[in-house]
Structures are given as structure tokens and as C-alpha cells.
Amino acid sequence: MTYQQQQPPTSSQPRQPVPSVSQQPQSPSVPGSQTSKPAPPPNSINVNNLGYYLDGWVDIVEGMGEKVDIVRSNLLKELIAHEMPQVQVSEKTGYVSLTSNERRPYLITSKTPGATTTIYIGKHGKDLFASWRTFVHLVVNQTVILVTLGICAILGLFMGGIRSNGFGGGPSFSFGGWVTSTIILAVIAAVIMGIAGRIIKGSFTAFFFMERNLFDAEDTAAMSLTVHKSIFRALDVTGIDITKLRLKRDFKGGRRGEDV
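Our numbering runs 19 ahead of the 1-based position in the sequence shown.
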């Protein structure tokens with residue numbers, strides 16, 4: 020497991036004196052540097068790109084807003100102490116857009132393939148707000164896609180890349196014909212794979228993305244349960260009465276439509 024501590028905001032650092040122009044080294048200008056996109060903050064995560072929502076829980080503890088930092092610290096210790104197998108635990112700054120200055124501190128647990136749980140402990144007026152949400156994003160099945168493209172490229176070579184020059188002339192190679200034939204074959208293959216995925220596995224994208232098996236689903240459910248119990252324990256050791264918290268009756272089993 021990894022732990023990444025948040026960087027302090029740069030705006031709080033004292034402004035350093037700027038040397039005179041004669042003391043500054045001249046650096047070559049970079050074309051397009053004035054129109055470059057804003058960079059994401061260090062040690063951050065875009066909470067809008069986590070995949071589809073799987074499961075979660077939220078609650079608010081009245082009158083306990085001043086204990087946010089203590090609860091977050093206790094929660095981080097709890098998550099690390101559990102030593103969840105092949106789960107990375109980190110502390111990141113969440114953002115929704117690079118053009119917005121809105122930021123929130125999150126604790127993140129993540130596990131391959133593509134399961135992420137965001138944990139937010141924040142102050143809401145005088146109250147303490149606690150939440151966790153588990154997301155799963157689709158992972159591209161690179162093996163199937165690369166093999167399919169390779170087969171299309173080989174077939175495209177014979178169908179449009181190699182051409183005969185007639186009697187007495189040797190074969191010639193047409194790069195444009197090869198590329199065109201490969202693209203056409205790839206489109207046909209994608210359509211066939213989509214239809215086959217829909218018929219066999221119930222989804223047009225079944226063969227394009229890695230399917231989450233039973234082991235993946237159980238590991239994701241275990242991660243969500245560990246996070247949920249860790250939040251309750253962190254609130255409890257801080258002196259908050261957890262008997263007044265909202266109970267969660269159903270947990271998702273790591274895949275859509277599965278309750279445990």
C-alpha cells in the first residue's frame with residue numbers, strides 16, 4: 020500500500036523576491052506556451068473520471084465539525100492497519116475541472132482492475148460530513164484489440180496492399196491500399212465482435228473491455244466493506260456516538276446488479 024501526503028497550497032508560501040532582469044538567465048521561448056492547458060494540481064485525482072458509480076454511503080454528524088481533522092487522521096491509520104491485499108491507500112486532492120479552483124481532500128483506496136473508493140471527511144457548517152463512494156471504470160482489453168488489429172493488418176496486406184502488375188510484371192505494394200483495406204476490415208471486425216458480445220455476454224462492449232470476474236467482484240466488495248467499517252471505527256475512537264449513524268443494509272457485490 021502507498022500513502023501520498025497532500026502538498027500544501029502554493030498560495031500560502033511567502034512570495035520570494037524576484038531578481039532583476041539582468042540576473043535572470045535567458046530561456047528559449049516555447050511555441051504555444053501561452054495557450055497551454057492548465058496542469059492538474061500535484062498529487063491529485065479527477066473525481067469526474069473514476070468510472071461508473073457502484074456503491075456508497077453518506078451521513079452527517081451534527082455539531083462535530085471541529086473533529087474533521089482528527090477523524091480523517093484516524094481513518095487513514097485504520098485503512099493502513101487493515102493491510103488490504105493489492106489495495107493502494109493514498110491521500111489526494113480531488114478536483115472536478117482544471118479551470119475551477121474548487122478542491123477537496125480525499126482518502127483513496129484503489130485496486131486493479133479499475134476499482135476506486137473515494138472517502139471524504141469534511142466540515143459542513145458546524146457538522147461533520149462523511150461519505151465513501153466506490154467507482155469502477157472499464158479497462159480496455161488490449162490483448163483482444165491488438166490481436167484483432169494484427170489479423171486485419173495481415174489480411175489487408177493481401178487484399179489491398181499487394182497488387183499484381185499483370186503479365187510479366189511483379190507484384191507491387193500499395194501503402195494506401197493496405198491502410199484502407201485494414202481500416203475496412205477493422206470496422207467489420209468491430210461490428211461482428213459487438214454483435215457477438217451482445218448475443219453471448221449481453222453487452223456490445225463485452226469483447227472490447229476486460230470483464231470483471233467473480234474474484235474481482237469479491238475483492239471490490241471487500242474493499243468497500245473495509246472502508247465502511249473503518250469510517251465507523253475512526254468516528255468511534257474520536258468520541259462520536261456511531262449508534263446514531265445511518266445504517267447501510269445492502270452492499271453491492273463488485274458488479275452491477277449484485278447485492279451482498
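Quick reminder that beta carbons are idealized off the backbone N, C-alpha and C, glycines included.
Using DSSP bridges, identify the partner residues of residue i.
| i | result |
| --- | --- |
| glutamate 102 | According to DSSP, glutamate 102 bridges with nothing at all. |
| glutamate 97 | Glutamate 97 is not bridged to any residue. |
| aspartate 78 | Ala149 |
| asparagine 67 | Per DSSP, none; premise fails for asparagine 67. |
| isoleucine 170 | Looking at the DSSP assignment, isoleucine 170 forms no beta bridge with any residue, so it has no partner. |
How would you write the range of the beta strand (DSSP E) that residue i sits in, first residue to last?
| i | result |
| --- | --- |
| phenylalanine 154 | 146-155 |
| serine 109 | 107-114 |
| threonine 128 | 123-130 |
| threonine 118 | Neither: threonine 118 is in no beta strand (DSSP E) and is coded neither H nor E. |
| glycine 133 | Glycine 133 -> no beta strand (DSSP E), and no H or E assigned at all. |
Span of the alpha helix (DSSP H) holding residue i?
| i | result |
| --- | --- |
| alanine 215 | 194-220 |
| threonine 224 | Where threonine 224 is concerned, there is no enclosing alpha helix (DSSP H), given that its DSSP letter is neither H nor E. |
Assuming residue i contacts residue j (C-beta within less than 8 Å), just tell me the rounded distance between them.
| i | j | result |
| --- | --- | --- |
| methionine 229 | threonine 136 | No, methionine 229 and threonine 136 are not in contact; Cβ-Cβ is about 19 Å, not under 8 Å. |
| alanine 134 | threonine 239 | 4 Å |
| lysine 271 | aspartate 74 | 4 Å |
| threonine 131 | glutamine 105 | 7 Å |
| isoleucine 259 | valine 66 | Isoleucine 259 to valine 66, Cβ: 25 Å. No contact. |
| glycine 179 | serine 150 | Actually they do not touch by this definition, with Cβ atoms about 55 Å apart. |
Segment contact, 8 Å Cβ cut-off, at least three pairs: the segment 171-184 with the segment 113-124: no
Segment contact, 8 Å Cβ cut-off, at least three pairs: the segment 96-103 with the segment 246-256: yes
Alpha helix (DSSP H) runs wholly inside the segment 227-262, at least 4 long, in chain order: 233-256
Three CB pairs or more closer than 8 Å across the segment 59-77 and the segment 145-158: yes
The segment 135-145 / the segment 73-84 touching (three or more Cβ pairs under 8 Å): yes
Touch test, the segment 57-66 against the segment 120-129, Cβ-Cβ under 8 Å, three pairs minimum: The segment 57-66 makes contact with the segment 120-129: 3 or more CB pairs, one atom from each, lie closer than 8 Å.
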